[in-house]
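There are 2 protein chains.
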Amino acid sequence: MRIGDAAAAAGTTPRALRFYEQSGLLSPPRRSVAGQREYDRRDVARVRVIRELLSLGLTVADLRHCADRLDLLEGDALPPYGEPGVCAKPDGIARRRIAALDEEITRLARLRDGLAARIGNDVRE
Amino acid sequence: MRIGDAAAAAGTTPRALRFYEQSGLLSPPRRSVAGQREYDRRDVARVRVIRELLSLGLTVADLRHCADRLDLLEGDALPPYGEPGVCAKPDGIARRRIAALDEEITRLARLRDGLAARIGNDVRE
DNA sequence: TTAACCCCTGACCTATACGTCAAAGGCAAG
DNA sequence: CTTGCCTTTGACGTATAGGTCAGGGGTTAA
């Protein structure tokens, strides 16, 4: 499987796959004689995991910090709800991310209310 | 008043003042014979208004779209609460910004809950 | 063999609000 | 006159997740 097919199978683009590789989320795949990247189903599964975690708001840097654990999540789905020990490190990262999200939400809410007060709107609909 | 003093008086840096000028929020001030920018109290007041609106979450692009109205807000303070007609355009921009903030808050809250569910935390403490 | 499509690397682009650095000149005090 | 701080312009950096060329080469089917 070359990069275009692998990317399509994972629901993304060749550019993204090269980006994940360069970012340390994917190990460099083997190359064809001509130097073209070759992927298999496990690679595609891993990319799907990466994209799901990214879509949940984790950053590439977050995933890089636990890239070695990431393959533990590979398979048909992520472990249901707290399979003990299996992805402790990602869990910690997710928790920190949640805390950061809470902070950001609070900050934006304060901004919103400040602006609303400034123009004399009701605060919160 | 040269740029350093004006910036200090407005609670910011020379770099920021040049940036506001370049961004179209401040009209180019007169220059000394040697080419140095000269500011007065009204300039400082305007910069304070700019900084207050930026701190409320408006962007430089927002302010540029109503830069001509911005001087209507200059003085000791922003008009209290909906002085009619005085800053209609900024008001509209502020309202759009509030809507954008609401969207963003909702988006982040959804992410937060998705992540929390993923690791089996209680949703919302 | 040639069209048509795929892949390679490297470099620049996006938005935000400035910070930092560099080279060169201005200004006031000693 | 010199020291030292201030100012000028322009260029590059910051963080995110890739997008978009550009120039070159691989692959495949007719």
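As you go down the protein sequences, you meet chains B and V in turn. Every number in this note's numbering is 62 more than the matching position in the first sequence, counting from 1. Every number in this note's numbering is 62 more than the matching position in the second sequence, counting from 1. All C-beta atoms, glycine included, are put in the ideal place defined by N, C-alpha and C.
Exercise. By Cβ distance, which residues of its chain are closer than 6 angstroms to L79(B), with the 5 residues on each side in sequence left out?
Worked result: Hits under 6 angstroms: I65 and A69.
For this session: Kindly indicate the opening and closing residues of the alpha helix (DSSP H) around L79(B).
Result: First-last of the alpha helix (DSSP H) with L79(B): P76 to Q84.
Exercise. To the nearest angstrom, how far is it from the Cα of G86(V) to the Cα of T168(B)?
Worked result: When rounded, the separation of the alpha-carbon atoms in G86(V) and T168(B) is 31 angstroms.
Exercise. Buried or exposed: which applies to A156(B), given that a residue is buried once 16 or more other Cβ atoms fall within 10 Å of its Cβ?
Worked result: Buried, since its Cβ has 16 or more Cβ neighbours within 10 Å.
Exercise. A72(V): buried (16+ other C-beta within 10 angstroms of its C-beta) or exposed?
Worked result: Taking a 10 Å sphere around the C-beta of A72(V), we find 16 or more other C-beta atoms and assign the residue as buried.
Exercise. How many angstroms separate the CA atom of N183(B) from the CA atom of A107(V)?
Worked result: Interpretation of N183(B) is limited by its pLDDT of 48, a score under 50 that renders its predicted location unreliable; the figure taken from the coordinates is listed afterwards. Computed Cα separation, rounded: 25 angstroms.
Problem set entry | Contact the region 159-176 of chain B vs the region 84-102 of chain V: 3+ CB pairs below 8 angstroms | The region 159-176 of chain B is not in contact with the region 84-102 of chain V.
Problem set entry | Backbone CA spacing between L170(V) and A162(B) [nearest angstrom] | When the Cα atoms are used, L170(V) and A162(B) turn out to be separated by approximately 10 angstroms.
Exercise. Who are the neighbours of D164(B) on chain V, taking C-beta pairs under 8 angstroms?
Worked result: Neighbours of D164(B) on chain V, chain order: R174.
Exercise. Between the C-alpha atoms of I112(B) and L125(B), what's the straight-line distance to the nearest angstrom?
Worked result: Each residue's Cα considered, the two are about 8 angstroms apart.
Exercise. Residue range of the alpha helix (DSSP H) that V122(B) falls in?
Worked result: Element bounds for V122(B): V122 to R126.
For this session: Let me know the secondary structure DSSP gives R92(B) once reduced to three states.
Result: In this structure, R92(B) counts as coil in the three-state DSSP scheme.
Problem set entry | Chain-order list of residues whose beta-carbon lies under 7 angstroms from that of L115(V) (same chain, five-residue window excluded) | These residues qualify, in order along the chain: L125.
Exercise. For R93(V), which residues from the same chain have a beta carbon less than 8 angstroms from its beta carbon, with the 5 sequence-adjacent residues on both sides left out?
Worked result: When the five nearest sequence neighbours on each side are left out, the beta carbons in the same chain lying within less than 8 angstroms of the beta carbon of R93(V) are those of R99 and E100, in order along the chain.
For this session: Identify which residue in M63(V), R158(V), I160(V) and R159(V) has its Cα closest to the Cα of R103(V).
Result: Per the Cα distances, M63(V).
For this session: Return helix, strand or coil for R99(B), following the three-state DSSP convention.
Result: Correct three-state label for R99(B): strand.
Exercise. Do you know how far the Cα of I160(B) is from the Cα of P76(B)?
Worked result: Going by the C-alpha atoms only, they are around 30 angstroms apart.
For this session: For the alpha helix (DSSP H) holding G66(V), just list the boundary residues, first then last.
Result: Annotation for G66(V): the continuous alpha helix (DSSP H) segment containing it runs I65 to A72.
For this session: Check the Cβ-Cβ distances between A150(V) and every residue of chain B, and say whether any is below 8 angstroms.
Result: Bear in mind that the predicted position of A150(V) carries a pLDDT of just 45, short of 50, making it unreliable; the figure below should be weighed with that in mind. Cβ-Cβ to chain B under 8 angstroms: no for A150(V).
Exercise. Just the Cα atoms here: how many angstroms apart are R180(B) and A123(V)?
Worked result: Straight-line Cα distance between these residues: approximately 19 angstroms.
Exercise. Closest by CA to T74(V), which one among L118(V), V109(V) and L120(V)?
Worked result: A check of alpha carbon separations from T74(V) across L118(V), V109(V) and L120(V) identifies V109(V) as the nearest.
For this session: Could you tell me whether any Cβ in chain B is nearer than 8 angstroms to the Cβ of R108(V)?
Result: By this cut-off, R108(V) is not an interface position.
Exercise. For D124(V), is the beta carbon positioned less than 7 angstroms from some heavy atom of the ligand ADP?
Worked result: By its list of ligands, the structure shown contains no ligand whatsoever, and the ligand ADP lies outside what it can speak to.
Exercise. For Y82(V), which of D105(V), R158(V), E166(V) and E165(V) has the nearest alpha-carbon?
Worked result: The candidate whose alpha carbon is nearest that of Y82(V) is D105(V).
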